[in-house]
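Numbering of the sequence shown is given in the working numbering, commencing with residue 5 and proceeding in unit increments.
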Amino acid sequence: MTVTSPKVLVAQHLWNRTAACSAKEIGTSEGLATNTEDQPCSSSGSNSGAKVSDPPATLLAHILRHVKTVPRSRMVLLQLLNLMAPCYFLCLLAVTFSLQLFFFLPGMYEGHSLPLSGFLHSFIFVFFLVNVIGNYFLVIWNSPASGRMSTDADMSDKLFCSICSRMMWEQEHHCFFTGTCIGRSNLRSFVLFCLHASCSCFHAVLSGLGYVSHNFSLSFSNPLTFLRLLPLSVTRFFSGSLLSSEMLAVLMLYLWFGVGLACGAFCWHHLLLISRRPGCHQIHSEQSSPSPITWMDNITSVFGKRWLMAILFPSTKQK
Numbered sequence: 005m006t007v008t009s010p011k012v013l014v015a016q017h018l019w020n021r022t023a024a025c026s027a028k029e030i031g032t033s034e035g036l037a038t039n040t041e042d043q044p045c046s047s048s049g050s051n052s053g054a055k056v057s058d059p060p061a062t063l064l065a066h067i068l069r070h071v072k073t074v075p076r077s078r079m080v081l082l083q084l085l086n087l088m089a090p091c092y093f094l095c096l097l098a099v100t101f102s103l104q105l106f107f108f109l110p111g112m113y114e115g116h117s118l119p120l121s122g123f124l125h126s127f128i129f130v131f132f133l134v135n136v137i138g139n140y141f142l143v144i145w146n147s148p149a150s151g152r153m154s155t156d157a158d159m160s161d162k163l164f165c166s167i168c169s170r171m172m173w174e175q176e177h178h179c180f181f182t183g184t185c186i187g188r189s190n191l192r193s194f195v196l197f198c199l200h201a202s203c204s205c206f207h208a209v210l211s212g213l214g215y216v217s218h219n220f221s222l223s224f225s226n227p228l229t230f231l232r233l234l235p236l237s238v239t240r241f242f243s244g245s246l247l248s249s250e251m252l253a254v255l256m257l258y259l260w261f262g263v264g265l266a267c268g269a270f271c272w273h274h275l276l277l278i279s280r281r282p283g284c285h286q287i288h289s290e291q292s293s294p295s296p297i298t299w300m301d302n303i304t305s306v307f308g309k310r311w312l313m314a315i316l317f318p319s320t321k322q323k
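Rendered as structure tokens:
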């Protein structure tokens, strides 16, 4: 098959890369490969010499349709966003770590002979920090690879990520903050990352409110005080009675509150999708009819049986 169009070359490259998973079956039938059932599929290796057929016409049309619908200018913006969003997350993490370590937590130890609250907040801070960073890198490490494409029917409902150049199996979406796609391989780590990020933000808000209440001599017993805090802080800052670090802490309070709500909404949304997904993780038996699938089965298929351990410490699911 002779291809000349650049878009067709992209489709041909995607097909050759993803069809390598089925090349071991071709090699076995032709005597080119043996005992490769447990070896990972890749575009290079022992199966590199196996012949990979040209992509079907319908598959080419499916890939080209997705590639063609992304204008070049929009693609540049998406790639730029894919680089800026992780930098934004890392900067937010660095500022949060600095404020907690140098401003919020030290103030909890002052004037207390037994600073139990300081120890408690320090433990919670370290716990959420370890889980946020650990699950964040697990999402990137377990990013879904290109799945095997063997028939036209297999590709009828698959999505193509123009940023990652991947034809995904059961892809949900592309996360710009991690710079990778979210699929079944890293869905658990992504949900736990959103959960701990949300809890970490709300814990930072509580610690920051204590810091602001002590330095500003304000009482937050009235919820409207939180709404009046920003204009009051801006007025004091421009009048010279408020330090830059204190103004930064006030601004971060609102940012943490918004990020915490967003991460909590993402976590709850994905938990609903996982629990309501009809029969997506159902195991079919060869001799009996499929057993009914409950929402708990769907949750267990994603988080595993040791889901509590995954919440307490970032880890991969045991297969």
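C-beta: ideal position from N, C-alpha, C; glycine also.
query	result
What does the Cβ neighbour count give for histidine 218, buried or exposed, with the cut at 16 atoms within 10 Å?	exposed
Taking only the alpha-carbon atoms, compute the straight-line gap between tyrosine 140 and serine 225 and give it to the nearest angstrom.	35 angstroms
From serine 189 to proline 119, what does the alpha carbon distance come to, in whole angstroms?	43 angstroms
From Thr229, Phe317 and Lys309, pick the residue whose C-alpha is nearest to that of valine 216; which is it?	Thr229
Would a C-beta distance cut-off of 7 angstroms place phenylalanine 180 and asparagine 86 closer than the cut-off?	yes
Are the Cβ atoms of isoleucine 128 and histidine 207 separated by less than 7 angstroms?	yes
In three-state terms, what does DSSP make of threonine 182?	coil
Excluding the 5 residues flanking leucine 2 on each side, which residues of the same chain have their C-beta closer than 8 angstroms to its C-beta?	Because the chain in this structure spans residues 5 to 323, residue 2 falls outside the shown range and cannot be described.
If you follow the alpha helix (DSSP H) that cysteine 271 is part of, which residue opens it and which one closes it?	248-280
Name the DSSP bridge partner or partners of histidine 177?	Ile186
Go through its chain and collect everything with a Cβ distance to cysteine 271's Cβ below 7 angstroms, but skip five positions before and after it.	Val195, Cys198, Leu199 and Ser202
Going by alpha carbons, who is nearest to histidine 183 out of Arg76, Lys309, Pro296 and Tyr92?	The residue you asked about is not histidine; residue 183 is glycine in the sequence shown. For the residues Arg76, Lys309, Pro296 and Tyr92, the minimum Cα distance to glycine 183 belongs to Tyr92.
To the nearest angstrom, how far is it from the Cα of serine 248 to the Cα of proline 235?	15 angstroms
How far does the alpha helix (DSSP H) with phenylalanine 123 in it reach, from first residue to last?	120-145
Pick out whichever of Met112, Val238 and Leu213 has its Cα sitting closest to the Cα of proline 227.	Leu213
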